[in-house]
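What follows is a set of notes on a single structure, which appears directly below.
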Amino acid sequence: MSAATAGAAPVARLSAREVAQIMGSPPPTAEQEAVIEAGLGPTVVIAGAGSGKTTVLAQRIVYLVANGLIEPSAILGLTFTRKAVGELGHRIRRGLAALRHWQRQSGTAGAPGRAPAPRPLDGLDVPSVQTYNAYAAGLVRDYGMAIGVEPDTVLLDDASATLLAGRIVDAAGPAEVPAGRARSTIVTAVLELAGQIDEHLSTPARVVEHIDASLAALLNPDYLAALDATIGRKKMPTEDKAELRARLAGIIGATGGAPPKLWSAATRAELVDFICANDLSSDVAALEAKRRLAGLVERFRSLKRARHAMQFSDQVAFAHRIMAEDAQALEIERSRWQLILLDEYQDTSDSQAKLLQLMFAGLPVMAVGDPRQSIYAWRGASAGNIGQFPLDFPGPDGGPGRTLGLTTSWRNSRRVLAVANRIAAQLPDIDPAAQLTAAPTAQDGDVALAVTVGHADADYGTDQLASLATWMAGTHGTRAVLCRKRADFASVAAALEQAGLEVIMAGSAGGLDDPYVADVFAALNVVVDPGAGEHLMRLLTGASCALGAADVAALGRLRRLRQRRLEVALGASADDVEPIGLAECLDDLAAQQPGPQLSDDIAAAGLSGDARERAGRLARSLRRLRAAQTTVTGLVREAVRELRIDAEIEALAPARAAEHRAAIDALLSTVAGYVATDPAVRAEDLLAWLALAEESAALAVAEAALPDGSDPADRSVVVMTVHASKGLEFDAVAIPNLVVGDLPSTPRDGRGWLSLGRLPYPLRGDRDKLPRFDLTATSFASQKELADWLKGTLGPALSEQSLAEERRLAYVAITRARTQLWLGAAAHSPRRTRRSEFSPFLLEAIEALGAEVELPAEDAEVEAGDAPPVPWPVEPPAAELALRTAVLRQLAATPAVALDALADGPAAPYARRALDLLADRAPREFRGALPERLSTTSIVALRADRSAFLTDLARPMPQGPAPAAALGTAFHAWVEQRYGQAALEGLADEAERRRLPAELEDRFDHLCRTFEASEFAQREPLAIELPFELDLGGVHIPGKIDAVFDRGEGIEVIDWKTGGVPDDERLAAMTVQLSVYALAVEKMDRFSGREVGGAFYFVADDRLVRPERLLGPTELAELLRGSGP
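My numbering applies: residue 1327 is where the sequence shown begins, and numbers increase by one.
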């Protein structure tokens, strides 16, 4: 076969209608026929929601194959999720199977006027359908050596990437990290900026260069003069102001009047440090923070390279670099494919679009997507890519590529479509003529509107939820409630369950948007990082302290007073004394009876008595949490107790209490699951991971939406986020909380790329689609002038952009409904103190339907309902109190009596309960398969005592503190640094010692001395802390190998053990771990073909132990199945 002339309509042996008949599908419409029979020139298809694009793509492939225009094996199809890969691949395979059957039945002779018949299909040549990331990963694997990327480079999951980024932050000095930010915030920002740098094919060096140029433009003479005026307005002694002014003038004078772009790096750094240290400009502080962050990102990238690891964003950036630099690789890939199908093109990122353009421009490419459904801007997607396609992929004549459309919805009813089209009509760059039309067979459907005041409801929580639950109970078929925020899950689920409906929550409640979970998160951040000012401020102003603005300001004055006392006591200037932080100032208030000096300072600062008492209570709680000797999970539980969150929740009305209690339980479950993957994980690692997980989980893609990937039963209602619903459809859909702040949500800030983890707009590939914000090309005379521009120009532009993104999200939500749709909103919400503004999307829906809906009056009062009072502390009823007294007397009279003997009398119910609890302690039989993901530590436990391991799976129990784990973590980090593999600066022995409890420091020193005297001190490893991913019989085993050494005749895996040599039985169980490591190394391309052995080095005993035999892959798989040793 040979490809038809690009752009020309192929000479057909079979028409699109005949192909559809062969496949057993209805005849295509004129629009579908145009797409199926389109020439092989570059074409973009704007396919609306429910327009049948997957079916049309499958028919196009069968049409081209049937007419001998392309080979099946020369077709490449790319999409975003594994689910989409499976669906598209299945339809293509089914269509080609139908074609093969038709060929056998009808023969292959050509017909008059038709093209020659293709050769019969053998069933072996099938198209390649992959995700975009999988294809990029394949390019890196096949050609990565050209740019120095090893073939065995592993893909990091979010948890592993968070740990690596955390190591970078921990190793950095105070002047190398953004000031005043929590560790978790910095780690998340490192990952965010690193991802954006890759997505836009930039580098940290370019970020630093742009920041330096921005600072040079910003620090013009007018701006510097305004800084002098800022000093004059500060509330401080006159002599202090004079000193600051003199220092500013001295730094500026040293430049000799040269423009800022000609200043030396040292002079600019001195001025920036002075401005930031004295809080003179938030703009300069933001630029300096981003400059430091870019340095951390560069170290993070270096560490990933040293570890032979990469992230998803790295894959595309590496692939683009390979194709740009290796002409031979590019030619090989271009020659492989006769047709390229790009699905969901509106969700491609800048780097993906550039990679695809570089590789496939000039080839037969068809992109399919819908700009109205581009809802993944948060992960780098650019809605403008699909509109740019005709220019990026020109036709053979050099003109723009062709644009076709699929505008008939085969999913939605007429009334649902009327609402969807009205909302999409306001989107920018959308052709009004391309709106969806209803299929000829479409029903009218039903759209219900519920606009309520927000009264309390005894059964359902609020009147809005009562309306939702009642409506949903009357629907049929598959059903879903789509929420903009996961914080709404619990209340929605509770209302549905009250109506007798079974609920499936796709994704957990308990995210950081729950206020009590956020308080726990804030407290833990302050515990591990006293400099976490933003989290401490939440505790001070939230339920824990509830300080007002006056007392918060008083705390600031108290901090300055304490700082001055310290300077006087040391006889030093402010520059020579480390500033006292707000956390240290708060800690001063922990004393029940403050000393005379502190009492004087409190009075001088104007801190109220109630505020001092509440702040002191918080300070004592934070002290106890810092001193707690417990596991990470235990620390979370302690934070809940110390902040009295359990009591606060129980004091709420029952419905709200259940909602927040579920959120706390979900947090504890999430923490336990994370810790299970690495029992030695630290609290700071957990916090960074939680912050990152919150960002991604809140905007989860549909692939992870439903449990087991199965469709819900008719009796169930799925509660999920709108983002997670993309690609799904339901008979009935409800969308609650259509108010401003929910849907649409409001922008987080109006400072654009000045926010910490954002890439400067001028460095982004899609900058033409963003508000213009380039500090290097604009001059501002003062911080106020810039602030006014941000508020008056950039802010509205960002709000407009955000509203467009939220409009697309609303469009996606509405088009998930086949025939029944419920839209709801309440003027008042338990989460807000002010009346809510109704969403423009709700008002547009009312308009589109021509409905008469009476909106609540502006002065409508909310009926709070009759929530029963909750006494505190809770006292048991008199009868219960009398019973307990009688029981205590009975037990006091017969202290040695057995529980069985208490069957009669007042103690009987307590005795029976105790007996039940004792019986429940018996091992519970584990029913079910092993988890899909196991650590090597878990496999060792499985080998050592399978019954105990399975029992623990059935009933997991909290674990006590593990000093050995902390010691092991510190020692492994020390070894890694010693071999120079950490790619970190400043990570010294003492830094690791400081992380340990005092009682472990001597043991740590002994381990280091022993190692230095061992044979390994003189040997050079092939790899250190080598990550791997292994699949054994369907069980996924991730891990890291301590070290790999060359032994001449082969290679040897070494596992450091900080304890002594165990007994033979335990050593045999541990051999499983070494066997897994050896098998993982054998499968790595860089070590292929070499014999792999393994050994334990028990450092405490200075003994190297080589097991006589390691288990092979078959034995390991049998162990996991339960039939092995």
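Backbone N, C-alpha and C define an ideal beta-carbon position, used for all residues, glycine too. These numbers come from a predicted model, not from an experiment.
Three-state class that DSSP yields for residue i in the structure shown
i       : result
Met1831 : strand
Met2046 : strand
Gln2146 : strand
Ile2350 : strand
Leu2506 : Outside the shown range of the chain (1327 to 2451) lies residue 2506, about which nothing can therefore be said.
Asp2491 : In this structure the chain extends from 1327 to 2451, so residue 2491 is not present and cannot be described.
Val1636 : Going by the sequence as given, residue 1636 is Met instead of Val. DSSP places Met1636 in strand when its eight states are reduced to three.
Ala1703 : helix
Phe1719 : coil
Gly1695 : strand
Gly1745 : Note that residue 1745 corresponds to Val in the displayed sequence, not to Gly. Of the three classes helix, strand and coil, the one that applies to Val1745 here is helix, per DSSP.
Val1642 : helix
Thr2104 : coil
Ala2222 : coil
Ile1666 : strand
Same chain, Cβ closer than 6 Å to residue i, five either side skipped, listed in chain order
i       : result
Gly1731 : Ile1372 and Ala1760
Tyr1671 : Ala1693, Gly1695 and Ile1712
Glu2417 : Gly2376
Leu2147 : Val1742, Val1773 and Val2059
Trp1589 : Thr1581
Asp2464 : Residue numbering for the chain in the displayed model covers 1327 to 2451; residue 2464 lies beyond these limits and cannot be assessed.
Val1691 : Pro1368, Ile1666 and Phe1719
Gln1358 : Val1382
Glu2318 : Reliability of the predicted coordinates at Glu2318 is poor, the pLDDT of 46 falling under 50, and the value obtained from them is presented with this limitation in mind. If we look at Glu2318 and ignore the five residues flanking it on each side, its Cβ neighbours are Ala2296, Ala2299 and Trp2300.
Asp1913 : Ala1945
Ala1768 : Ser1739 and Arg1740
Val1854 : Ala2009 and Glu2010
Bridge partner(s) assigned by DSSP for residue i
i       : result
Tyr2423 : Trp2382 and Leu2430
Phe2164 : Val2065
Gly1367 : Answer is none; Gly1367 lacks a bridge partner.
Cys2334 : DSSP output for Cys2334 lists no bridge partner at all.
Met2396 : DSSP output for Met2396 lists no bridge partner at all.
Asp1772 : Gln2146
Arg1728 : Thr1369
Ser1735 : Ala1764
Asp1268 : The shown model of the chain, from 1327 to 2451, leaves out residue 1268, and the question about it has no answer.
Thr1405 : Thr1457
Leu1527 : None; Leu1527 has no bridge partner.
Contact belief for residue i with residue j at Cβ below 8 Å, rounded distance in angstroms
i       : j       : result
Ser1675 : Ala1707 : 6 Å
Met2046 : Ala1806 : 6 Å
Thr2262 : Val2402 : 5 Å
Ala2014 : Ala1505 : Actually they do not touch by this definition, with Cβ atoms about 18 Å apart.
Val1452 : Arg1420 : Not quite, the Cβ-Cβ distance comes to about 11 Å (not below 8 Å), so this is no contact.
Glu2055 : Gly1376 : 7 Å
Val1533 : Leu2085 : 7 Å
Leu1866 : Leu1933 : With a Cβ gap of about 12 Å, Leu1866 and Leu1933 do not count as contacting.
Close Cβ partners of residue i (< 7 Å) along its chain, the five nearest in sequence each way excluded
i       : result
Arg2269 : Ala2395, Val2398 and Leu2445
Lys1587 : Ala1542
Ile1928 : Leu1884, Pro1920 and Arg1938
His1646 : Leu1527, Ser1677, Lys1680, Leu1681 and Leu1684
Ile1348 : Ala1424, Leu1425 and Trp1428
Arg1417 : Thr1380, Thr1381 and Ala1384
Ser1793 : Ala1776, Thr1778 and Gly2150
Own chain residues within Cβ distance below 8 Å of residue i, not counting five before or after
i       : result
Leu2120 : Gly2076, Arg2077, Gly2078, Pro2097 and Phe2099
Phe1686 : Arg1660, Trp1663, Ile1666 and Phe1719
Gly2419 : Arg2373, Gly2376, Ile2377, Glu2378, Val2379, Ala2404, Arg2432 and Leu2436
Met1636 : Val1466, Val1475, Thr1479, Val1480, Leu1481, Leu1482, Lys1630 and Phe1644
With a floor of 4 residues, list each alpha helix (DSSP H) that falls wholly inside the region 1448-1472, ordered by position along the chain. 1458-1469
In chain order, what are the residue ranges of uninterrupted alpha helix (DSSP H) at least 4 long that sit wholly in the region 1895-1979? 1908-1914, 1922-1931, 1935-1953, 1958-1968 and 1971-1976
Sequence ranges, alpha helix (DSSP H) only - wholly within the region 1549-1625, length at least 4: 1564-1579 and 1591-1603
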